[in-house]
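Here is the structure we will look at.
Protein chains in written order, with the numbering used here: chain A, 67 to 460; chain B, 5 to 82.
Encoded structure:
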């Protein structure tokens, strides 16, 4: 099949899905991404966002971004190496290193670029990357372009990681990687055991804190804090698109590693710098995280209430232990029907279908937020009950 | 050689997260057992590790069924 013919095939599939009324991607939202949004001329309950703490619209975050626009404008017009580094970029990197108790940190324009650039900078043909089977696509893509040998251990199975590492003795460098909270399932990596097994084999550990930073741990310092391991993980990577309600990625770790990444990660070197208003907003988000711990408490109260009520109704929430909640349907057609009913009844949610997940693992993935009111959640649960029954799931 | 058939099924069952009884010799790896290219590469790595052989990733194009996997290992151990 030629290039254009291949594109036509995708185009036809998308158009056919739209004609069936089952295309729910790229729905335009005409309001801020809060607990309720305006979509298709009506109010909907937002259940698909990872703006867990609701900081994307926090007055202090918005004020910081506005002030930065006034002082710095919208762009630096260059990459970080050339003319894209401001005092604000350096301030955020220092804040990150302090937050994670590491020597240094580097920020990227997006989380995806951060992971891609970091892996690519650290490993090559003589090395091996060992991934959890459910790692995020950015880690898989980063591992692929790095040229390193890629191995996989069974999801969260540290006995299997041990077994895989036994077979990796011939490689120079060994990098073990995992999501801290898995983006499609919401379960938490067994970090203490993973670090222990990796150390036994002389491997470096890197975790992706995308869905756990600002969510897990008493002060939001993710799985390292949750497991009492702050300062004990070799490398921490993540994104600002979840906890901070912004965009951007980072890697935190030893100073030598960060300087190496800063000069060799192609996604860093050849990308324009993150806009200062974004950086200022993220810095303000860190302040809010410290000043308003009640947001974290509310997030977990909401998560517990929603999960408990959904389970009482008979929904299968998989292995989730966090605000990242899948409603397991395990049937492609029923998942589409469910998504359709939810949409019609004012729930903004998204179906995760094959090939993103196996055909028997299709689901509706939800994000619970601190800004959801009890009324939002009760109304949403009522709609889920109706949709679940109509789709034949409960 | 019967051990190889059984071991291949065991490793495929683990990677595809299926019950070993589902992993019968005629099952298609990608269509029936939902392996993807990454899982296929992991399968070859695990076989290489288990039998102390070196199966290149290109061999993935030559295996379609569970039985093909067992035959591939046997060809390396001849």
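A virtual CB, placed ideally from N, CA and C, is assigned to each residue, including glycine.
{"Asked": "In DSSP terms, what residue 393 of chain A is bridged to", "Found": "A:430"}
{"Asked": "Cβ separation of residue 119 of chain A and residue 309 of chain A, assumed to be a contact under 8 Å, to the nearest whole Å", "Found": "6 Å"}
{"Asked": "Residue nearest to residue 35 of chain B in terms of C-alpha spacing, selected from A:421, A:435 and A:126", "Found": "A:421"}
{"Asked": "Closer than 9 Å to chain B by CB, residue 480 of chain A", "Found": "Residue numbering for chain A in the displayed model covers 67 to 460; residue 480 of chain A lies beyond these limits and cannot be assessed."}
{"Asked": "Supposed contact pair residue 17 of chain B and residue 74 of chain B - C-beta distance, whole angstroms, cut 8 Å", "Found": "Incorrect: roughly 13 Å between the Cβ atoms, too far for contact."}
{"Asked": "Contact with chain A by residue 59 of chain B, beta-carbon distance below 9 Å", "Found": "no"}
{"Asked": "9 Å Cβ cutoff met for residue 456 of chain A and residue 407 of chain A", "Found": "yes"}
{"Asked": "Cutoff 7 Å; reference residue 401 of chain A; Cβ partners in own chain excluding five residues on either side", "Found": "395, 417, 419, 428, 429 and 430"}
{"Asked": "Residue 143 of chain A versus residue 285 of chain A: straight-line alpha-carbon distance, rounded", "Found": "36 Å"}
{"Asked": "Local conformation of residue 71 of chain B per DSSP, three classes", "Found": "helix"}
{"Asked": "Cβ-Cβ distance between residue 389 of chain A and residue 368 of chain A below 9 Å", "Found": "yes"}
{"Asked": "Chain A contact for residue 19 of chain B (CB, 9 Å cutoff)", "Found": "yes"}
{"Asked": "Residues sharing a beta bridge with residue 244 of chain A, DSSP", "Found": "A:273"}
{"Asked": "Short CB-CB distance (under 9 Å) between residue 32 of chain B and chain A", "Found": "no"}
{"Asked": "Under 9 Å between C-beta atoms of residue 372 of chain A and residue 277 of chain A", "Found": "no"}
{"Asked": "Host alpha helix (DSSP H) of residue 198 of chain A (start-end)", "Found": "Residue 198 of chain A -> not in any alpha helix (DSSP H); beta strand (DSSP E) instead, spanning 194 to 198."}
{"Asked": "Start and end residues, alpha helix (DSSP H) containing residue 220 of chain A", "Found": "Where residue 220 of chain A is concerned, there is no enclosing alpha helix (DSSP H), given that its DSSP letter is neither H nor E."}
{"Asked": "Min CB distance residue 199 of chain A to chain B below 9 Å", "Found": "yes"}
{"Asked": "Exposure of residue 153 of chain A, with buried meaning 16 or more beta-carbon neighbours within 10 Å", "Found": "exposed"}
{"Asked": "Reduced DSSP category for residue 313 of chain A - H, G, I as helix; E, B as strand; rest coil", "Found": "coil"}
{"Asked": "Boundaries (first-last residue) of the alpha helix (DSSP H) holding residue 127 of chain A", "Found": "125 to 138"}
{"Asked": "Local Cβ density within 10 Å of residue 158 of chain A, reported as buried at 16 or more and exposed below that", "Found": "buried"}
{"Asked": "Residues within the segment 35 to 47 of chain B neighbouring chain A, beta-carbon criterion of under 9 Å", "Found": "38, 40, 42, 43, 45 and 46"}
{"Asked": "Range of the contiguous beta strand (DSSP E) that encloses residue 300 of chain A", "Found": "Element bounds for residue 300 of chain A: n/a, residue is neither H nor E."}
{"Asked": "Inter-stretch contact at 8 Å, needing at least 3 Cβ pairs: the segment 183 to 198 of chain A / the segment 238 to 245 of chain A", "Found": "yes"}
{"Asked": "Residue 13 of chain B at chain A interface by Cβ criterion, 9 Å", "Found": "no"}
{"Asked": "Interface flag, residue 10 of chain B vs chain A, CB-CB below 9 Å", "Found": "no"}
{"Asked": "Cα-Cα separation between residue 327 of chain A and residue 174 of chain A, rounded to whole angstroms", "Found": "11 Å"}
{"Asked": "Minimum C-alpha distance to residue 259 of chain A - residue among A:98, A:91 and A:294", "Found": "A:294"}
{"Asked": "Environment of residue 222 of chain A [buried if 16+ CB atoms lie within 10 Å]", "Found": "buried"}
{"Asked": "Residue 404 of chain A at chain B interface by Cβ criterion, 9 Å", "Found": "no"}
{"Asked": "CB of residue 85 of chain A within 9 Å of CB of residue 99 of chain A, strictly", "Found": "no"}
{"Asked": "Where residue 145 of chain A falls: helix, strand or coil (DSSP)", "Found": "strand"}
{"Asked": "The segment 194 to 201 of chain A contacting the segment 337 to 355 of chain A, beta-carbon criterion three pairs below 8 Å", "Found": "no"}
{"Asked": "Nonlocal neighbours in the same chain, by C-beta distance under 7 Å from residue 475 of chain A, ignoring five residues either side", "Found": "Examination of residue 475 of chain A is not possible in this model, given that chain A is present from 67 through 460 alone."}
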